[in-house]
Amino acid sequence: ASDVYQRQPDARLLAGGTDLLVDLKTGRVAARHLVSLNRIEELRGISETPVGLRIGALTTVAALGRSVPVRERYRPILDAALQMAAAQVRNLATVGGNISSAVPCADLPPILTVMHGKVTLWSPEGEREVPLESFFTGPRSTVRGDDEILTAVHVPEMPPRFGAAYARFAQRDGNAIAVASVAASMLLAENGTVKEARVVLGAVAPVPKFVPEAGETLIGRLPEEDSFQAAAVIARDAAEPITDLRGSVGFRRDLVEVLTRRALQSALERAKEVRA
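To get the working numbering, take the position in the sequence shown, counting from 1, and add 334.
In structure tokens form, the structure reads like this:
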């Protein structure tokens, strides 16, 4: 880490390199020095803590997919991990890199955000935790300082009657990036109404966009098609898409509406599951 500070502002941290090396080759970013993090074993691994799941920043996306705790008790994360890119990329891409690169179409930030995920940032002055909905400030821009390293992601334990899901649309299978994506979570009250709901949009705004109003419209209501549609319309209107080769503004807004309904329905089904 000291190498990074000594060589600032011309140094960049290197993890899996699936984003950074491409950006360097295309000239999107410039750096005279690359400082690899790969020998820091403390940044790897997935473990359960008394309050939830800890994912080391250097944990690969492929390792997420193989993790027993993730598969058994944090399955919504798999919705994003197993759909991301191709197997070769998942074997190299890291969880910390997918988050800290702050690419608007990244798959992990939306689902981790609706699951109340936080990141730990370390610097010589100490550590701080940042909720993911507050971490991103713009395309490829975050609150992480030049002297900070993202060391871990924390996901709290999912309570009873809680479910989350991630839905995405891409132009083809394989390594296609998302044209639009939506993550949703839902906590049901004992009477079956919605106690809490969260909706986050991906690939349709400068940052993974948390839409509080979409979740708030569900609170106190039965989780039914009409209420899901109302939330989907709010999410659609909150999207800030652009037109590019992958889709037009109108097409992406329509996708957000459909994907929001799908994610909410899947989250509901999981919230109704009985977990040991």
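Ideal Cβ positions, reconstructed from N, Cα and C, are used throughout, including at glycine.
Short of 6 Å from the beta carbon of Ala501, and not among the five residues preceding or following it, lie these beta carbons of its own chain, in chain order: Val516, Leu593, Arg596, Ala597. Here the alpha carbons of Thr447 and Met520 stand approximately 13 Å from one another. Distance from the CA of Leu392 to the CA of Glu530, rounded to the nearest whole angstrom, comes to 32 Å. Counting the other CB atoms within 10 Å of its CB gives Val590 a total of 16 or more, which places it among the buried residues. Apart from sequence neighbours up to five positions away, no residue of its chain approaches Glu459 with a beta-carbon distance below 6 Å. With a minimum length of 4 residues, the unbroken runs of alpha helix (DSSP H) contained wholly in the segment 378-448 fall at 395-400, 402-407, 410-415, 421-424, 429-434, 442-448.
Cβ-Cβ separation between Val538 and Pro493: approximately 29 Å, too far for a contact (criterion under 8 Å). The segment 505-553 is shown to contain whole alpha helix (DSSP H) runs of 4 or more residues at 546-550, in chain order. Relative to the Cα of Ala397, the nearest Cα in the group Val545, Gly430, Arg366 belongs to Gly430. A Cβ-Cβ distance of about 5 Å is found for the pair Ala569 and Val545, placing them in contact under the 8 Å criterion. Nearest to Gln505 by C-alpha distance, out of Arg580, Arg424, Asp481, Arg462, is Arg580.
Classified as buried, Lys543 has 16 or more neighbouring CB atoms from the shown chains inside 10 Å of its CB. The beta-bridge partner set that DSSP reports for Ile483 consists of Trp456.
Within the same chain, Cβ atoms closer than 6 Å to the Cβ of Ile553 are found at Val528, the five residues on either side in sequence being excluded. Just so you know, the alpha carbons of Glu607 and Ser600 end up roughly 11 Å apart. The shortest C-alpha to C-alpha distance from Leu484 to any of Thr471, Arg462, Leu602 is the one to Arg462. Around Pro444, the same chain offers Ala414, Tyr500, Ser515, Val516, Ala517, Val534, Leu535, Gly536, Pro542 as residues with beta carbons nearer than 8 Å, after the five sequence neighbours per side are excluded.
Residue environment: Leu416 is assigned as exposed (fewer than 16 neighbouring CB atoms within 10 Å of its CB, all protein chains considered). Of Ala345, Val489, Phe469, the smallest CA-CA separation from Pro384 is found for Val489.
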